[in-house]
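Peer 1:
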């Protein structure tokens, strides 16, 4: 606390990122990174862009990247927005579309950054309880509100909402913006992008951090009606006109140009996930059906907090949330086959099986 | 205008970056980029960092970069903050230290992003008139206020404030944060960094975009008392925990490690500036004394708007602001010797000399 802090700064409860311990080499299954490297074409494009032109500002409109993405998804360029990770885009979404006086709705168990954004902009929100099986019910979002954020699949539960259920929410909220946060959609879910020309109230947010193996490059995307994209640009240009550097722009374009690599690595993650779910269930875990690159699992005979600690001692990092309703669960990112075999083997011995 | 925009979005007047025309190759003297490329060590460090680790999140604390900068300036690491360009840092400064009810002070002629930040956060501000010669007077800032932003040197005027004058402002505002925006300080000015251990109310903001030739990499820095740095981190971690990608972190560290290159290119820009000022004055221009990598100049016999247009037709881009008090001036970035010779030659023929 400092007398120089604004009231806002003093009252904020900032987001806490997952731990990145440097004390030893871990099998890192705690921050939902992709176990496979980015496409070689991405690496090559970045090396090419590491040249004397770095003395010049990047294109503030990110036109070439927006064009590439628009073509990839069959959208128009003015339906595409890009930012410094999907976190930054969400940080623009809240002031762009939500008014302080009206309650924003999102699930009670979800990405813990949502309430922080609301706090940052002095907004009110109401969390909507997911059911006992962590399902999000569309009808709970068909009530008066000032905007909606639906993570799909949800994190940390991995629960996936079908497109028809999303349509129910979009139909009931024609006057509010419905944001679908699809950070994990590429691992088996169906994207709401197909609804964009039909629903001017829909904004889909995605990222290169997970399915494109580029958490270290910081690139996120949003798709929606051109009026929504213009709204995001108004906020962006009141905050920072040059959010993406020349290297991130070059790498992101290359990522969308290597479809074969994307399909191959995504399929591998999905296959390893299915293998992992089966083995976790064999060990007695209750595992939520997942369409993400992580699973959410609890064991009836072992405390999640204990397992978390014991796994860390064995050099395996997973994520544990000491929060109501989910404090008996572990969130486990899907690694390589070898990493998941090591996890299953460690759990085997910890559970005395 | 869209019914989905928040009231904030609808009422904002976003910043407009300098034009980056793509219709032809220009001599680009309009956005204060450095005419020399970044250090070869920066390019090499980025190429090294373009590797498989891009699948992993960057260090959200940017510890290694903060350590490097702290050592460079003789500060402690907790007195250093880094962000996605100094624009992003300024966008964190406004909510971190300024309350909506109290008036922020900054000059009437200055970087046009300051009032946009205030608008974004619903803050009030009062612009303080610079004098006829564009000087900022310290005593004008010794009045009740809710925070102060002093650009030094100022843009677009290039006016420089001495350290003793800054001290007057710091002494008179012990309960407010005084932000000194030193984007252009390395071209001949003295940095207020030397005051940091003495004034807990001082925050110095700098950038790699100008003197380090890295406008395309998007890295800014802030230095101040650890409480101020903590305040900035609270806002950052309520907005986006990973603002700097792995490539920007690697390149920025290398930039601080190549002092010889920095000194050589900065000296060249300063020498070319002095040559340019002399030749502009010989052509009859009134040129403000500059300690930046640009000059602000007006000609008694020619309209600035006309010269801007005529230079563009000749393939030379400079910056013209159609704003009260400065609409008779051109802001001209310092290019290479060859570029400035081309400018002087073009002006020579335009002025019929």
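Protein chains in written order, with this note's numbering: chain A, -8 to 344; chain B, -8 to 344. For glycine and all other residues, C-beta sits at the position ideal for the given N, C-alpha and C.
1) Against chain B, does residue 19 (chain A) count as a neighbour if the rule is that its beta carbon must be under 9 angstroms from one of theirs?
2) Out of B:153, B:134, B:137 and B:222, point me to the one whose CA is closest to residue 143 (chain B)'s CA.
3) Answer yes or no: do residue 160 (chain A) and residue 168 (chain A) have a C-beta to C-beta separation smaller than 9 angstroms?
4) Among B:8, B:17, B:-6 and B:12, which residue has its Cα nearest to the Cα of residue 331 (chain B)?
5) Out of B:322, B:338, B:105 and B:6, state which residue places its alpha-carbon closest to the alpha-carbon of residue 172 (chain B).
6) Rounded to whole angstroms, what is the Cα-Cα separation between residue 73 (chain B) and residue 308 (chain A)?
7) Does the count of Cβ pairs from the segment 7 to 21 of chain A and the segment 289 to 307 of chain A closer than 8 angstroms reach three?
8) Rounded to whole angstroms, what is the Cα-Cα separation between residue 217 (chain B) and residue 70 (chain B)?
9) In chain order, which beta strand (DSSP E) runs of at least 3 residues are fully inside the segment 57 to 111 of chain B?
10) If contact means a Cβ-Cβ distance below 8 angstroms, which residues of the segment 23 to 40 of chain B contact chain A?
11) Which two residues bound the contiguous alpha helix (DSSP H) that contains residue -3 (chain B)?
12) Closest to residue 99 (chain A) by C-alpha separation, out of A:114, A:85, A:147 and A:79, would be which residue?
13) In terms of DSSP beta bridges, what is residue 37 (chain B) paired with?
14) Taking 9 angstroms as the threshold (C-beta atoms), are residue 197 (chain B) and residue 137 (chain B) in contact?
15) Thinking C-alpha only, which one of A:126, A:205 and A:131 is nearest residue 117 (chain A)?
16) Which term fits residue 0 (chain B), buried or exposed, when burial requires 16 or more other beta carbons within 10 angstroms of its beta carbon?
17) Please classify residue 215 (chain A): does DSSP put it in a helix, a strand, or coil?
18) On a Cα-Cα basis, can you pick out the residue from B:209, B:317, B:203 and B:261 that is closest to residue 240 (chain B)?
19) Should residue 70 (chain A) be flagged as near chain B, meaning a C-beta pair shorter than 9 angstroms?
20) Less than 9 angstroms between the beta carbons of residue 111 (chain B) and residue 226 (chain A), yes or no?
21) Between which two residues does the alpha helix (DSSP H) containing residue 240 (chain A) stretch?
22) So, is residue 150 (chain A) buried or exposed, given that buried needs 16 or more other C-beta atoms within 10 angstroms?
23) Specify the secondary structure class of residue 264 (chain A) as computed by DSSP and reduced to three states.
24) Measure the Cβ-Cβ separation of residue 75 (chain B) and residue 234 (chain A) and say whether it is below 9 angstroms.
25) State buried or exposed for residue 201 (chain B), treating a residue as buried only when at least 16 other CB atoms are found within 10 Å of its CB.
26) Once the 5 residues before and after residue 48 (chain B) are set aside, which same chain residues still bring their CB inside 7 angstroms of it?
27) Closest Cβ-Cβ distance between residue 216 (chain B) and chain A: below 9 angstroms?
28) How would you list, in chain order, the residues of chain A whose beta-carbon sits under 7 angstroms from the beta-carbon of residue 67 (chain B)?
29) Output the boundary residues of the alpha helix (DSSP H) element that contains residue 330 (chain A).
30) My guess is that residue 45 (chain A) and residue 207 (chain B) are in contact by the Cβ rule of under 8 angstroms, so how many angstroms apart are they, rounded?
31) Whole angstroms is fine: what's the gap from residue 8 (chain B)'s alpha carbon to residue 287 (chain B)'s?
32) For residue 209 (chain B), return the contacting residues in chain A, with the cut-off set at a CB-CB distance below 8 angstroms.
33) Do we get a CB-CB distance below 9 angstroms when we pair residue 43 (chain B) with the residues of chain A?
34) Grab the span of the beta strand (DSSP E) containing residue 287 (chain A) for me, first residue to last.
35) Let me confirm a value: residue 63 (chain B) is counted as buried when at least 16 other C-beta atoms fall within 10 Å, else exposed. Which label applies?
36) So residue 52 (chain B) is in the alpha helix (DSSP H); what residue range does that whole segment cover?
Peer 2: Reading it off the structure:
1) yes
2) B:153
3) no
4) B:17
5) B:105
6) 28 angstroms
7) yes
8) 5 angstroms
9) 71 to 74 and 95 to 98
10) 24, 25, 26, 27, 28, 29, 33, 34, 37 and 38
11) Unbroken run through residue -3 (chain B): none, as it is neither H nor E.
12) A:147
13) Residue 37 (chain B) pairs with nothing; no bridge assigned.
14) no
15) A:131
16) buried
17) strand
18) B:209
19) no
20) yes
21) 237 to 248
22) buried
23) helix
24) yes
25) buried
26) 233
27) yes
28) Those within 7 angstroms of residue 67 (chain B) in chain A number zero; the least Cβ separation is about 16 angstroms.
29) 328 to 341
30) 4 angstroms
31) 18 angstroms
32) 49, 233, 234, 235 and 236
33) yes
34) 285 to 289
35) exposed
36) Neither: residue 52 (chain B) is in no alpha helix (DSSP H) and is coded neither H nor E.
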